[in-house]
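Engineer: Residue numbers (the numbering used here), protein chains in the order written: chain S, 1 to 109; chain L, 110 to 222.
Ideal placement from N, C-alpha and C gives every residue a C-beta, glycine not left out.
Listed below in structure tokens is the structure:
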């Protein structure tokens, strides 16, 4: 079972920052937080991951709370093409990605 | 330059038939996976292979048999198809076991009538 809780849906205006929250209160010390997204009718796409420090790449930023029980994915300037289902995944050092129900982000003009 | 490709994209078949879905990756990765996404959009891992060896088998029925002829290919053969097998099947690959990023294919939509 997925070890994360996410809101089922969110809206964001184009050009604004999209902040997607994720709760993972049972995360253990060796588990990473991963984010993937799935644009309609496509395969999932990796976005970012982190352990305890905040991370940033060309797609997004990941903010992890100090107690590591929650995190936020930030898309700094959302575009219409960012409309997708965003999955927050807690993963140990195995191969398994256990997807939950995700957050459906709708970016509107 | 398709990284992970799957064929066919759509597959419609009758109950009881046997069918195969093919997956190829041109990324030079060692590890490949099959995932199933059902009608409620839950995405679950089925199998993973590393260097042609089975690593993960998530209690998938024996009717599902993955075959990896080489590192670049992981095919999924399904015997005696059932209505509940209708889903979108995604192939993925990663550079190595537990690599950070998995690259997913476009999916194969299987409909069993």
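Mind pulling the beta strand (DSSP E) runs of 3 or more residues that sit fully within the segment 130-217 of chain L?
Structural biologist: Whole beta strand (DSSP E) segments, 3+ residues: 140-146, 152-159, 162-166, 173-179, 182-187 and 196-203.
Engineer: Out of 208/L, 205/L and 195/L, state which residue places its alpha-carbon closest to the alpha-carbon of residue 146/L.
Structural biologist: Checking every option, the nearest Cα to that of residue 146/L belongs to 195/L.
Engineer: On the CB-based measure, 16 or more other CB atoms within 10 Å of its CB, does residue 124/L come out buried or exposed?
Structural biologist: It is exposed - the Cβ of residue 124/L has fewer than 16 other Cβ atoms within 10 Å.
Engineer: Would residue 199/L and residue 112/L be called neighbours here (beta carbons separated by less than 7 angstroms)?
Structural biologist: No, Cβ-Cβ distance for residue 199/L and residue 112/L is not below 7 angstroms.
Engineer: Look at residue 27/S and residue 35/S and say whether their C-beta atoms are less than 7 angstroms apart.
Structural biologist: Against a cut-off of 7 angstroms, the Cβ pair of residue 35/S and residue 27/S comes out as no contact.
Engineer: By alpha-carbon positions, which one of 170/L, 150/L, 134/L and 148/L ends up nearest to residue 156/L?
Structural biologist: Comparing Cα-Cα distances from residue 156/L to each of 170/L, 150/L, 134/L and 148/L, the minimum goes to 170/L.
Engineer: Would you list, in sequence order, the uninterrupted beta strand (DSSP E) runs of no fewer than 3 residues that lie entirely inside the segment 20-63 of chain S?
Structural biologist: Listed in chain order, the complete beta strand (DSSP E) runs (minimum 3 residues) inside the segment 20-63 of chain S are 32-38 and 45-50.
Engineer: Taking the beta strand (DSSP E) that residue 104/S falls in, what are its first and last residues?
Structural biologist: First-last of the beta strand (DSSP E) with residue 104/S: 103-108.
Engineer: Where DSSP assigns a beta bridge to residue 75/S, which residues make up the other side?
Structural biologist: Residue 75/S is bridged to 18/S.
Engineer: Closer than 7 angstroms, CB to CB, is residue 130/L near chain S or not?
Structural biologist: No, no contact with chain S.
Engineer: Which value, in whole angstroms, describes the spacing of the CA atoms of residue 177/L and residue 128/L?
Structural biologist: The straight-line gap from Cα to Cα measures roughly 16 angstroms.
Engineer: Taking DSSP as the reference, what is the three-state secondary structure of residue 92/S?
Structural biologist: Three-state result, residue 92/S: coil.
Engineer: In chain S, which residues lie with their C-beta within 9 angstroms of the C-beta of residue 215/L?
Structural biologist: Within chain S, the residues near residue 215/L are 41, 42 and 43.
Engineer: Give me the chain S residues within the contact set of residue 71/L, using Cβ-Cβ distance strictly less than 7 angstroms, ordered along the chain.
Structural biologist: There is no way to answer for residue 71/L, as the model of chain L reaches only from 110 to 222.
Engineer: Exposed or buried, residue 120/L, counting other C-beta atoms within 10 Å across all chains shown (16 or more means buried)?
Structural biologist: By the 10 Å Cβ count, residue 120/L comes out buried.
Engineer: For residue 11/S, which of helix, strand or coil comes out of DSSP?
Structural biologist: Three-state DSSP puts residue 11/S in a strand.
Engineer: DSSP three-state label for residue 219/L, please.
Structural biologist: Strand, per DSSP.
Engineer: Once you ignore the five residues that flank residue 184/L on each side, which residues in its own chain have a CB closer than 8 angstroms to its CB?
Structural biologist: Contacts found: 129, 130, 131, 132, 175, 176, 177 and 178.
Engineer: Less than 7 angstroms between the C-beta atoms of residue 166/L and residue 140/L, yes or no?
Structural biologist: Not in contact: residue 166/L and residue 140/L (Cβ atoms no closer than 7 angstroms).
Engineer: Less than 8 angstroms between C-beta atoms, sequence neighbours within five positions excluded: which residues of the same chain meet that for residue 17/S?
Structural biologist: 74, 75, 76, 77 and 78.
Engineer: For residue 120/L, which three-state DSSP category applies?
Structural biologist: Strand, per DSSP.
Engineer: For residue 99/S, count the other beta carbons within 10 Å of its own beta carbon; 16 or more makes it buried, fewer makes it exposed. Which is it?
Structural biologist: It counts as buried.
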